[in-house]
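In what follows, a single structure is set out as structure tokens and then discussed.
Chains as they are written, first to last, in the numbering used here: chain U, 3 to 333; chain P, 3 to 130.
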């Protein structure tokens with residue numbers, strides 16, 4: 003996938019930053035941190051009269067944007083609304099429009115560990131791990147209290163809509179996946195008929211948090227924001243893939259579920275049950291199994307050639323295996 | 003008949019080259035990660051060459067019993083794979099229609115475990 007160099011975008015980028023930071027600015031450093039088909043992330047050090055600011059520029063990649071993700075403009079808007087609601091997010095500074103033909107926004111660049119395996123293992127992060135469960139519950143509680151009318155662009159879905167979307171994605175794979183079908187059949191039969199619909203982060207888990215010594219620094223990666231059942235968001239970090247090998251600690255390899263759920267319920271006045279988390283954990287495994295297969299198809303179709311995406315197609319079996327074990331336990 | 007190295011030996015040679023000669027030269031963490039993924043991909047290929055055929059036969063055998071088919075198993079590997087694909091489609095359609103054959107969960111647990119023996123044997127160990 004083609005990626006523009008820093009010199010290609012720096013002139014237009016600087017122009018777009020003037021309305022936000024003033025005319026007396028200079029780009030000291032601009033380096034690509036991650037570039038894929040859908041999104042680029044640029045580290046930007048910007049000299050301003052107040053000193054050098056550490057910024058992050060999120061910009062669309064050259065490929066087709068994933069259907070289920072927010073546009074960069076909407077992601078920036080969601081960040082603004084979340085920030086105003088007191089959620090710990092990198093401060094958004096502004097949507098920049100198109101930079102050399104691709105939309106982008108600029109935010110604060112935060113420090114902290116984001117690599118899941120390190121967060122669950124590193125001895126120096128033991129204190130952070132102890133603090134994370136309550137802090138994750140607190141951030142989720144704040145996110146779920148965001149008034150939906152402030153983010154009208156978010157799609158709203160209950161369990162049946164989630165399962166409908168997943169079924170459509172399975173049908174787009176050319177081969178059959180009976181383990182996934184069994185999970186979908188189980189989940190359809192037990193789908194909650196009615197539930198509250200709130201603003202969801204959509205991907206809040208270890209790996210999408212900037213973790214510092216005291217625990218949760220910032221909540222990152224808002225592109226999967228949508229509306230739905232709050233239990234969907236609360237159960238997502240339980241999915242085994244997000245425990246990064248520390249399987250016995252069901253909450254993201256960092257803690258037990260019960261205190262996390264109690265904290266969330268105490269803060270929100272909701273009564274989400276462990277049984278509801280069991281349900282959504284199964285749906286979460288379905289989501290990620292289908293997601294992995296779908297991503298490998300992006301490689302196979304030539305949409306985005308990548309060894310990483312290719313191998314992901316084989317790793318979907320891990321999520322299938324976990325799914326089957328959860329189904330066996332659920333009966 | 004091709005001369006040696008055979009397919010498994012060739013995959014192993016490429017994997018060892020990336021591991022011992024390429025990986026130590028890479029500083030960029032993103033490129034390093036992709037090199038590790040490539041090594042993993044070659045490991046999957048080596049295991050599939052070594053174990054693939056008997057595992058496909060086992061899957062087809064189990065699917066045929068689950069679905070009540072009595073026809074003999076094909077000998078040719080490509081025919082076996084096609085049969086596995088057809089029978090998986092048949093099973094998936096039954097499940098979708100709510101007509102789940104008795105023994106489906108046990109069959110799937112064994113079959114997906116077999117997939118992991120090739121794709122991710124260390125992950126399988128974590129369920130012991």
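Ideal Cβ positions, reconstructed from N, Cα and C, are used throughout, including at glycine.
- Minimum Cα-Cα distance from residue 316 of chain U among the listed residues P:62, P:111, P:39 corresponds to P:39.
- With respect to chain P, the C-beta atom of residue 246 of chain U has no partner C-beta closer than 9 Å.
- Less than 9 Å separates the beta-carbon of residue 213 of chain U from that of residue 116 of chain U.
- A Cβ-Cβ separation of about 7 Å places residue 279 of chain U in contact with residue 259 of chain U under the 8 Å criterion.
- Residue-level contact by beta carbon fails for residue 62 of chain P and chain U, as no gap is shorter than 9 Å.
- For residue 230 of chain U and residue 74 of chain P, the gap between their C-alpha atoms comes out near 49 Å.
- Using beta-carbon distances, residue 155 of chain U does not count as an interface residue toward chain P, since no partner is under 9 Å.
- Contact between residue 227 of chain U and residue 209 of chain U is absent: CB atoms are separated by about 17 Å, not below the 8 Å threshold.
- Taking residue 127 of chain U as the centre and dropping the five residues before and after it, the same chain places the C-beta of 115, 120, 121, 213, 215 closer than 8 Å to its C-beta, in chain order.
- Between residue 327 of chain U and residue 235 of chain U, the gap from beta carbon to beta carbon reaches 9 Å or more.
- Classified as buried, residue 207 of chain U has 16 or more neighbouring CB atoms from the shown chains inside 10 Å of its CB.
- Within the segment 40-56 of chain P, contact with chain U at the beta-carbon level (separation under 8 Å) is assigned to 40, 42, 43, 46.
- In the DSSP assignment, residue 60 of chain U forms a beta bridge with U:43, U:107.
- At least one CB of chain P lies nearer than 9 Å to the CB of residue 327 of chain U.
- Separation of residue 294 of chain U and residue 285 of chain U (C-alpha to C-alpha, rounded to the nearest whole angstrom) is 14 Å.
- DSSP lists U:46 as the bridge partner or partners of residue 32 of chain U.
- Its chain contains no residue whose beta carbon lies nearer than 6 Å to that of residue 101 of chain P once the 5 sequence neighbours on both sides are disregarded.
- Between residue 14 of chain P and residue 48 of chain P, the beta carbon gap of about 6 Å places them in contact (Cβ cut-off 8 Å).
- Annotated as distal: residue 242 of chain U and residue 330 of chain U, with beta-carbon spacing of 9 Å or more.
- Shown here for residue 55 of chain U: same chain residues with a beta carbon closer than 7 Å to its own, the five before and five after excluded, namely 48 in chain order.
- Within chain P, the residues whose beta carbon sits less than 9 Å from that of residue 179 of chain U are 90, 94, listed in sequence order.
- Taking a contact as a CB-CB distance under 8 Å, the pair residue 93 of chain P and residue 57 of chain P does not count as one, their CB atoms being some 17 Å apart.
- Under the criterion of beta carbons closer than 8 Å, residue 18 of chain U and residue 29 of chain U do not qualify as touching, at roughly 12 Å.
- In the structure shown, the three-state DSSP call for residue 102 of chain P is coil.
- In the assembly as shown, residue 117 of chain P is a buried residue. Its beta-carbon has 16 or more other beta-carbons within 10 Å.
- Within 7 Å of the CB of residue 310 of chain U, the CB atoms of chain P belong to 36, 39, in sequence order along the chain.
- Beta-bridge pairing by DSSP links residue 315 of chain U to no other residue.
- For residue 208 of chain U, there is no enclosing beta strand (DSSP E), as DSSP gives it neither H nor E.
- Contact check for residue 138 of chain U against residue 239 of chain U passes: the beta carbons are separated by less than 9 Å.
- By the Cβ test, the segment 97-106 of chain U is in contact with the segment 72-88 of chain U, since at least three Cβ pairs between them sit closer than 8 Å.
- Listed by position along chain P, the residues whose Cβ is nearer than 7 Å to that of residue 322 of chain U are 114.
- Taken through DSSP and simplified to helix, strand or coil, residue 95 of chain U comes out as strand.
- With a cut-off of 8 Å on Cβ pairs, the segment 171-185 of chain U is not in contact with the segment 194-203 of chain U, counting fewer than three such pairs.
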